[in-house]
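Peer 1: Using full-length UniProt numbering, the first residue of the sequence shown is number 1, and each one after it goes up by one.
Got a structure for you, written out below as structure tokens; questions coming shortly.
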Amino acid sequence: MQWQSTGSFVPVTYGASNTIKVRDGLIFVDLSSFRSTVKVDNFTVWMFKSGVKPSKAVSLGCVANVAGIAYGKQATWNTDGSVALIGGVGPNDVVQCFSKIIPVPDGVTFA
């Protein structure tokens, strides 16, 4: 994955691998944390760089917490390989992503 914009979404220095991998019927999600400088609603933060793309949009569930605020952020892995945060972020929000493993949903294939 690559950032949609490192000006709008500033990666933290201790970032994760920014990858989504599929192996043995499981999806391994490892997205990097960032600080937002903009207010956006449901928005693509990570763009496809390499790897596989799902045949249907896949809900990744809760992939992050917003620092200082008592709610998490959900995301969707889109058929173009991008990942969108659901519900958006505001300026100066620090989005703390965490790794997770989910099963491949029924009927989803990868190319």
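Ideal Cβ placement from N, Cα and C applies to all residues, glycine included.
Leaving out five residues on either side along the sequence, give the residues of the same chain with a beta carbon under 7 Å from the beta carbon of Ser-82.
Peer 2: As a first step, residue 82 is located in the sequence shown; it is residue number 82 there, counting from the start. Contacts found: Thr-44, Trp-46, Met-47 and Phe-48.
Peer 1: Over what stretch of residues does the beta strand (DSSP E) that includes Asp-30 continue unbroken?
Peer 2: Numbered from its first residue, the sequence shown carries residue 30 at position 30. Unbroken beta strand (DSSP E) run through Asp-30: 26-30.
Peer 1: Since Pro-105 sits in a beta bridge, which residues does DSSP pair it with?
Peer 2: The residue labelled residue 105 in the question sits at position 105 within the sequence shown. DSSP, once it has assigned bridges, lists no residue as partnering Pro-105.
Peer 1: Quick one, which of Phe-9, Asp-24, Leu-31 and Asp-41 has its alpha-carbon nearest Pro-105's?
Peer 2: As a working note, residue 105 is residue 105 in the sequence shown. Among Phe-9, Asp-24, Leu-31 and Asp-41, the Cα nearest to that of Pro-105 belongs to Asp-24.
Peer 1: If the criterion is Cβ atoms closer than 7 Å, does the pair Trp-77 and Val-52 meet it?
Peer 2: Numbered from 1 along the sequence shown, position 77 holds the residue referred to as residue 77. Numbered from 1 along the sequence shown, position 52 holds the residue referred to as residue 52. Cβ atoms of Trp-77 and Val-52: not closer than 7 Å.
Peer 1: Go to Lys-49, then tell me how far its beta strand (DSSP E) extends in each direction, as first and last residue.
Peer 2: Indexing the sequence shown from 1 puts residue 49 at position 49. Note, Lys-49: premise wrong, no beta strand (DSSP E); not H, not E.
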